[in-house]
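**Q**
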């Protein structure tokens, strides 16, 4: 039997895996740090696995299926920290209850991520609400549950990450009970790429813990730390059919800062400031529910279109509670939005 | 380590009914089969409920499914072709089948494209669905279909194929080939075909081709019959009720596969290669982005009762629809007319604001 025909049964074996074209099964058990450096593998993570070290996929074009009740307790990195051309084309698919987080004891001094997607063409596919990517705040630290195209030092990778799919996952940043930290986001997409076509599809996700509105925030609830929930900096991102409903975001719920973004059919509520902020040209925002801001205040717009924005479409949305949109753009179509108290 | 170890040992992810190794014959019976890395020639599934998982690095000459309710899961680095099969390199004639194409896959047809008046169902097409309720899904845009006439098509000249879906796939035509107006990366030529997050690489027919060599490009997404006699809209099949959802087309000069500037001259068809709808009433294009980098690329819905919603196309060309069409919340240059409902669009009157790097 040729070697390439064998199935590798890891049985709790951690470390680097450089196999190629293999069928690798992580059987139920506890693992420390794991790095998949090989290419073209079919990798199956069985139900009940627990990874207490970081799980890194720096190989290319692997198909990874995560079965039920799997915990990644010290984060996942797909690719390399500073290079979008590493860890390319991997498809990670969750079938059941999956939990991805990071141990606060291992936080660096700057930006901390539970799920760091840097490799081009990555497809992260959750199983729905049962796939949770969550990070706790920490004093003076930034906490981003998921990033696409960001380095651990907080900078964007120099050549932006492109062509990713992120879908069917619940992302959140939770208050640790003592500090809201130094900035947070549930999702940050490729900084410094506002006028570069990156072509991501972000679809069918939930952002925030989906708790009910509460002015008193306890440990384990959505943090009020500044930053917001979702920030889209990459050009030509399609952000569709997502749900953003945190208890208390602190910051803007959905920041659209990349050119030619398409934002359709999302539910966006409870911005600590604006529900939606649109700061780039040639974007389409339509078919969304964007409402309730500043603790349901009617003094702040649910939607804000910045000055300097040229030729944007913001139409066919339901917004509130304020009965108007803050619009400082030029040559835009901002109309047919139903606004006011809900 | 015995063959059966992988199939039936406890505490493994999948119990398989069989394991096939390089050079063996892929089982086609009902059941759950594992196929290891290797080469397997032509594979035809003629028995219902056959489920096969292929490991990474498998090579086939073709895959044809004539049965129903089969599931075929390809691992990474699948290779099918280049080859020439009359039904297409991947062809699905049954109903309710599912095919997953893993990362870094390449399915290529290098056959002669259908003539514009041909009723053949697979010439020059990498993946053809002739049945109903089937899905072909890629891992991401590294799962590639390529054919001179079509990368992926849902088509049946008897008109019985309905409700098929292509998802997360990348498609392109072959350089320097084509077949007049019917050449397209994606064809919704059967009713209720859905393309979800599919990418068109465009691929130029090449500047050196003459009309006789078929150096033409029809469109990136074609809604309607696969071929026509006299015009594209009077042949068999139609794309009634088809949808293009959250798709993406790159026909810019930055595309490594050729841009719209490389077309031969001599046919008006060369001026329309965005999304073209001839013969697909009640179809929709939603949340779709077309990057032509300032080259010609139109979005034309030349049939009744169509919807264009939430799209952006970077193009100096036009949007066109019929009097019963609706186009809202989209960005383009200028409409060709005032047909139908046109609300909340931005007609930029020129190239939209440039991206520095796409």
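Protein chains in written order, with my numbering: chain B, 19 to 360; chain C, 3 to 360.
From the three backbone atoms N, C-alpha and C, an ideal C-beta is built for every residue, glycine too.
(1) Can you tell me whether residue 347(B) is buried or exposed? The criterion is at least 16 other CB atoms within 10 Å of its CB, across all chains shown.
(2) In or out: residue 71(B) buried (at least 16 other Cβ within 10 Å) or exposed?
(3) Could you tell me if residue 105(C) is buried or exposed, where buried requires 16 or more neighbouring beta carbons within 10 angstroms of its beta carbon?
(4) Within 8 angstroms (strictly less), CB to CB, does residue 141(B) reach chain C?
(5) Less than 6 angstroms between C-beta atoms, sequence neighbours within five positions excluded: which residues of the same chain meet that for residue 32(C)?
(6) Are the stretch 192-205 of chain C and the stretch 161-174 of chain C in contact at 8 angstroms, needing three or more beta carbon pairs?
(7) Nearest chain C C-beta to residue 109(B) closer than 8 angstroms, yes or no?
(8) Secondary structure at residue 123(B), three-state DSSP: helix, strand or coil?
(9) When the cut-off is 8 angstroms and only beta carbons count, does residue 104(C) lie next to chain B?
(10) For the stretch 50-69 of chain C, enumerate the residues whose C-beta is nearer than 7 angstroms to any C-beta of chain B, in chain order.
(11) In whole angstroms, what separates the C-alpha of residue 271(C) from that of residue 303(B)?
(12) With a Cβ-Cβ cutoff of 8 angstroms, do residue 129(C) and residue 200(C) count as a contact?
(13) Going by beta carbon distance, what residues of the same chain come within less than 6 angstroms of residue 154(C), once the five residues before and after it are set aside?
(14) Identify every residue that forms a DSSP beta bridge with residue 100(C).
(15) Quick one: Cα of residue 34(C) to Cα of residue 146(B), how far?
(16) Using a Cβ-Cβ cutoff of 9 angstroms, what residues of the stretch 59-88 of chain B are near chain C? List them in chain order.
(17) Where does residue 152(B) fall in DSSP's three states?
(18) Check whether the stretch 140-158 of chain B and the stretch 211-218 of chain B are in contact - that is, three or more C-beta pairs closer than 8 angstroms.
(19) Can you tell me whether residue 209(C) is buried or exposed? The criterion is at least 16 other CB atoms within 10 Å of its CB, across all chains shown.
(20) Which residues share a DSSP beta bridge with residue 95(B)?
(21) Quick one: does residue 367(B) have its CB under 8 angstroms from some CB of chain C?
(22) So is residue 181(B) in contact with chain C if we call contact Cβ pairs under 8 angstroms?
(23) In its own chain, which residues sit with a C-beta less than 7 angstroms from the C-beta of residue 302(C), not counting the 5 before and 5 after it?
(24) Residue 168(C) lies in the beta strand (DSSP E); which residues open and close that run?
(25) Tell me the rounded alpha-carbon separation between residue 40(B) and residue 61(B).
(26) Note down, in chain order, every chain B residue with its Cβ under 8 angstroms from the Cβ of residue 332(C).
(27) Using beta carbons (cut-off 8 angstroms, strictly below), is residue 314(C) in contact with chain B?
(28) Can you tell me whether residue 306(C) is buried or exposed, with buried defined as 16 or more other CB within 10 angstroms of its CB?
(29) Please confirm if the stretch 180-193 of chain B is in contact with the stretch 227-241 of chain B, defined as three or more CB-CB distances below 8 angstroms between the two stretches.
(30) Within the same chain, show all residues whose beta-carbon is closer than 6 angstroms to that of residue 110(B), passing over the 5 residues directly before and after it, in chain order.
(31) With residue 56(C) as the anchor, note down where its beta strand (DSSP E) starts and where it stops.
(32) Against chain B, with Cβ distances strictly below 8 angstroms, would residue 17(C) count as a contact?
(33) State the DSSP-derived secondary structure class of residue 59(B), mapped to helix, strand or coil.
(34) Excluding sequence positions up to five away, which residues of its chain have a Cβ less than 6 angstroms from the Cβ of residue 258(B)?
(35) For the beta strand (DSSP E) that contains residue 66(C), what are its first and last residues?
(36) Using the DSSP secondary-structure output, state which residues sit across from residue 251(C) in a beta bridge.
**A** So, to answer that:
(1) So residue 347(B) ends up on the buried side.
(2) Answer is buried; the Cβ neighbour count reaches 16.
(3) Buried, because 16 or more other Cβ atoms sit within 10 Å of the Cβ of residue 105(C).
(4) Against chain C, the CB of residue 141(B) has a partner CB under 8 angstroms away; the residue lies at that interface.
(5) Hits under 6 angstroms: 49, 51, 52.
(6) At 8 angstroms Cβ cutoff, the stretches touch.
(7) So, interface residue.
(8) Looking at residue 123(B) - three-state DSSP - the assignment turns out to be helix.
(9) Taking CB atoms only, residue 104(C) has a neighbour in chain B less than 8 angstroms away.
(10) Taking 7 angstroms as the Cβ-Cβ cut-off against chain B, the residues of the stretch 50-69 of chain C that qualify are 57, 58, 59.
(11) Because the pLDDT of residue 271(C) is 45, which lies under 50, any placement of that residue in the model is unreliable, and the question is left without a value.
(12) No, they are not a contact pair.
(13) Within the same chain, residue 154(C) has close Cβ partners 129, 147, 168, 173, 188.
(14) 73(C), 137(C), per the DSSP bridge assignment.
(15) CA-CA distance, residue 34(C) to residue 146(B), rounds to 26 angstroms.
(16) Of all residues in the stretch 59-88 of chain B, those with a C-beta nearer than 9 angstroms to a C-beta of chain C are 59, 60, 62, 63, 64, 65, 78, 79, 80, 81, 83, 85, reading in chain order.
(17) Three-state DSSP puts residue 152(B) in a strand.
(18) In the pairwise beta carbon analysis, the stretch 140-158 of chain B is classified as not touching the stretch 211-218 of chain B: fewer than three pairs are separated by under 8 angstroms.
(19) With a pLDDT of 47 at residue 209(C), under the threshold of 50, the modelled position of this residue cannot be trusted; read the value that follows with caution. Exposed is the call here.
(20) By DSSP's assignment, residue 95(B) forms a beta bridge with 74(B), 134(B).
(21) Residue 367(B) falls outside the range modelled here, since chain B spans only 19 to 360, and no answer is possible.
(22) By the rule that beta-carbons nearer than 8 angstroms mark a contact, residue 181(B) touches chain C.
(23) Answer for residue 302(C): 274, 278, 279, 322, listed in chain order.
(24) Annotation: the continuous beta strand (DSSP E) that includes residue 168(C) extends over 167-169.
(25) C-alpha separation (whole angstroms): 8 angstroms.
(26) Result: 302, 331.
(27) Interface residue, yes.
(28) Exposed is the call here.
(29) Contact holds between the stretch 180-193 of chain B and the stretch 227-241 of chain B, because three or more Cβ pairs, one in each stretch, are under 8 angstroms apart.
(30) Contacts found: 82, 142.
(31) Segment 52-56, the beta strand (DSSP E) holding residue 56(C).
(32) No, no contact with chain B.
(33) Here DSSP, grouped into helix, strand and coil, assigns residue 59(B) to coil.
(34) If you ignore the 5 residues before and after residue 258(B), its C-beta comes within less than 6 angstroms of the C-beta of 221, 282, 283, all in its own chain and listed in chain order.
(35) Counting along the chain, residue 66(C) sits inside the beta strand (DSSP E) bounded by residues 64-67.
(36) Answer is 202(C), 292(C).
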